[in-house]
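Chains Y and F, in that order, are what the protein sequence lines are.
Take the position in the first sequence, starting the count at 1, then add 7; the result is the number in the working numbering.
Take the position in the second sequence, starting the count at 1, then add 1; the result is the number in the working numbering.
Beta carbons: idealized from backbone N, C-alpha and C, even for Gly.
Worksheet: one structure, shown below.
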Amino acid sequence: MRPLLSPLSAALPGLARHAALLALAALTLLPFAWMISTSLKPAGEIFLSEIRWWPERLAAVENYSAAFERAPLLRFLANGAIVTLAIFALQVVVNLPAAYALAKLRFIGRQTAFALVLFAILVPQQATAVPLFLLFHQLGLLDSYAALVVPFTISAFGIFLMRQFFMSVPDDLVDAARMDGISEFGIVWRVMLPTAIPAVTAFGIFSVVSHWNDYFWPLVAINSPHLFTPPLGVAAFRNEEAGTDYGPLMAAATIIIAPLVIAFLFAQRRFIEGITFTGMK
Amino acid sequence: MASVTLEGIRKSYERTEILKGIDLTIEDGSFLSLLGPSGCGKSTLLRIIAGLERQNSGHVRIGDDVVDAVRPSERNLSMVFQSYALYPHLSVADNIAVPLRMRRLSTLQRMPLIRHAVPGTHAVEREIRAEVARTAEQLGLGALMRRKPGQLSGGQRQRVAVGRAMVRQPRAFLLDEPLSNLDAKLRVHMRTEIAQLHRALGTTFIYVTHDQAEAMTMSDKIAVMAEGEILQVGSPDQIYDEPACLRVAEFIGSPKINVLNGVVDDAGSVRLGGRDTGCAATATPGSGVSLGIRPEAIALRAPDAAGLRGRLAHTENLGADVFVHLAVEGCEAPVVVRLSQAEARRTRLGDTVGLGFEPAAARLFAADGRRIAPRVGEVAHV
């Protein structure tokens with residue numbers, strides 16, 4: 008008896024799927040590839056009528072050293088690290104107790120509080136930007152690290168995410184901790200946090216990526232170049248150069264996305280777990 | 002060690018009344034089971050004793066102290082949960098040590114890193130570790146101390162949960178269906194272990210279960226609950242032999258007690274579908290009574306004209322015992338009779354047989370389920 012499907016036709020659906028995925032991946036990666044390619048080219052080779060991926064004359068050293076010379080890129084990177092890590096740390100401090108209360112404590116108004124959290128997720132950042140700006144102006148906090156960090160310390164999305172995770176933690180565990188004499192805050196840090204490490208990691212990745220890449224709020228809140236976060240730094244870089252020198256600009260862009268790409272490569276599995284875990288995307 | 006006394010405990014959630022005034026005394030050192038179907042309020046009652054839930058009215062007394070306003074950890078009770086509720090990120094040793102650490106170390110002494118710098122931490126830690134090791138040894142957990150709960154079998158987790166409860170030497174143990182997550186074989190084994198543990202510790206045990214076998218095999222006393230009330234409190238024998246009402250009679254015993262719905266005639270005898278059951282009741286002639294009779298109390302014999310009879314509709318062979326189901330005239334549910342293998346071999350499906358039982362073995366219940374007394378000395382002869 009001959010098999011109904013030859014090996015080739017059995018593999019066909021899989022091949023088709025992969026071909027489609029590869030095409031999409033190529034489309035997504037194309038601008039990044041072009042950015043890296045441009046960062047290696049001398050000025051004369053950037054605007055050519057033909058497509059040239061690898062320059063005839065490699066200008067990597069000039070472009071990258073120019074990027075570091077003409078703007079304090081390291082300073083921008085450090086600012087990015089300080090701001091994103093501070094935001095994440097404070098978010099955890101706020102989110103976990105809030106999520107614990109919403110998931111495990113019984114109090115009047117809990118449903119309403121949770122509904123408000125959900126509502127807050129729906130509000131776009133841009134909608135609150137002007138009132139926030141005015142508030143920080145009144146407080147005299149504009150143009151400071153505080154201006155970059157404070158607005159994001161309470162993350163409605165983070166509270167929601169952690170609350171969903173805590174709902175899956177059995178009530179018995181909380182009761183056992185109470186019987187053992189652990190206080191409510193103790194339960195958050197000693198019992199809930201250790202069980203929620205995967206969820207905290209997933210949230211951490213979302214938080215760090217979105218605030219590292221955030222351009223809008225730093226643009227509104229910051230004036231002094233020494234406080235620039237990486238995206239702002241690159242943009243300022245471009246303005247300064249008036250768009251004349253794309254090689255160093257692309258080199259700078261490559262440098263500021265490098266930390267995230269490297270972190271992603273290391274934490275790839277966690278990141279994918281995080282996405283599947285939240286059921287998003 | 003202490004007795005536990007409940008006085009008029011009531012609890013409702015929104016409009017639903019979960020507990021309708023519970024009065025119960027659990028003697029010091031005894032093993033009491035709260036037995037009832039799910040949703041009867043037994044777990045809520047246990048949680049109220051533990052302090053995890055607050056009653057709407059009534060008092061909980063442990064020993065001589067009213068503990069209504071006392072926090073769970075300060076009531077000095079231990080609880081074993083159905084899901085074991087072990088801390089998943091801590092090793093077996095650390096899980097068992099938690100209640101001791103929480104009581105004996107100060108906040109600073111429990112802080113990571115800083116703890117080592119605080120005077121006295123190490124001495125207390127050594128003491129705690131010794132006690133944990135002793136408890137673990139008693140429970141045969143010595144080799145597993147470094148494992149995480151995720152690496153343990155169900156029975157081992159159960160033991161760790163018991164160890165965590167034991168180590169603080171509580172005034173009473175509260176156990177909330179601790180065996181229901183185990184497989185049948187292990188459950189029978191753990192039944193023995195828990196009963197032995199109770200004997201060895203001599204502490205009060207309050208055990209919540211819906212499994213009558215667990216309640217019957219381990220308890221000194223059983224409190225049978227239904228719909229937020231205690232129906233009866235008594236020793237396993239009392240509960241089985243002298244049920245206070247039809248609900249208790251039906252809840253205890255497997256297979257269930259046979260309930261025959263009869264009518265009292267003018268002479269006071271209970272008749273079923275026109276046939277004499279041989280029982281007499283102190284009840285108004287013409288009123289309906291339920292006659293409860295355990296499967297092992299019935300014998301099969303040749304059918305006679307006046308007595309109860311039934312057709313053999315089905316048999317269940319369980320090895321040592323055979324349960325035969327009889328379709329009895331005037332009786333909706335089949336009457337189940339427990340026979341030995343030898344007795345069962347003498348019967349055949351479809352046979353019509355007579356049912357014989359000692360009238361004294363039958364329990365009579367009024368239409369509302371209340372137990373009614375048989376008429377002594379006037380028991381009719383069959």
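- Below the 7 Å Cβ cutoff, chain F contributes no neighbours of Y/I166, its closest Cβ being approximately 22 Å away.
- With 16 or more other Cβ atoms from the protein chains shown falling within 10 Å of its own Cβ, F/N96 counts as buried.
- Cβ contact annotation for Y/W196 (same chain, cutoff 8 Å, sequence separation greater than five): L103, in chain order.
- Secondary structure at F/I253: coil, using DSSP grouped into helix, strand and coil.
- Taking 8 Å as the CB threshold, Y/T119 stays off the interface with chain F.
- With contacts defined as CB atoms closer than 8 Å, Y/P201 and F/H90 qualify as a contacting pair.
- Rounded to the nearest whole angstrom, the CA to CA distance from F/Q213 to F/E178 is 12 Å.
- Beta-bridge partners of F/H326 (DSSP): F/H315 and F/V337.
- Out of F/L101, F/V225, F/Q152 and F/A144, the CA that lies nearest to the CA of F/R127 is found in F/L101.
- Using a Cβ distance threshold of 8 Å, F/F358 and F/A306 do not count as a contacting pair.
- For F/Y14, the uninterrupted beta strand (DSSP E) run begins and ends at V5 to Y14, by DSSP.
- For Y/A243, no chain F residue has a Cβ inside 9 Å of its Cβ, as the nearest lies near 41 Å away.
- No Cβ of chain F is located within less than 8 Å of the beta carbon of Y/I53.
- Leaving aside the five residues that flank Y/W60 on each side, the residues in its chain whose CB is nearer than 7 Å to its CB run, in chain order, S44.
- At a cut-off of 8 Å between beta-carbon atoms, Y/G211 makes no contact with chain F.
- Residue pairing for F/Y208: DSSP places it in a beta bridge opposite F/S34 and F/L176.
- The beta carbon of F/G42 lies closer than 7 Å to those of I19, L20, M226 and G229 in the same chain, with the five residues before and after it left out.
- According to the DSSP secondary-structure assignment, F/I223 is paired through a beta bridge with F/S34 and F/G235.
- The C-alpha of F/Q56 is placed about 49 Å away from the C-alpha of Y/L155.
- Under the Cβ distance rule, Y/A27 does not count among the residues neighbouring chain F, no pair being separated by less than 8 Å.
- Its chain contains no residue whose beta carbon lies nearer than 8 Å to that of Y/L31 once the 5 sequence neighbours on both sides are disregarded.
- Residue range T17 to I27 is occupied by the beta strand (DSSP E) that includes F/K21.
- For F/M80, the uninterrupted beta strand (DSSP E) segment begins and ends at L78 to V81.
- In the three-state reduction of the DSSP assignment, F/D95 falls in the helix class, which pools H, G and I.
- With three or more CB-CB distances shorter than 8 Å, the stretch 160-180 of chain Y counts as touching the stretch 201-221 of chain Y.
- In this structure, Y/L84 places its C-beta atom within 8 Å of the C-beta atom of Y/P266.
- For Y/R113, the nearest beta carbon of chain F is not closer than 8 Å to its own beta carbon.
- In terms of Cα proximity to F/N77, the closest of F/Y85, F/S84 and F/D66 is F/D66.
- One thing to note: Y/A136 has its Cβ no nearer than 8 Å to the Cβ of Y/W41.
- Straight across, the Cα-Cα distance linking F/R347 with F/H326 is about 15 Å.
- With respect to the 8 Å criterion, Y/F164 and Y/A110 are not classified as neighbours on the basis of their beta carbons.
- If you check the CB distance, F/A166 and F/F174 come in under 8 Å.
- Under the Cβ distance rule, Y/V156 does not count among the residues neighbouring chain F, no pair being separated by less than 8 Å.
- Excluding five sequence positions before and after F/L145, the CB atoms of its chain that fall closer than 7 Å to its own CB belong to V93, L153 and Q157, given in chain order.
- Chain F places no beta carbon closer than 8 Å to that of Y/M199, leaving this residue out of the contacts.
- With fewer than 16 other CB atoms across the displayed protein chains lying within 10 angstroms of its CB, Y/P14 is exposed.
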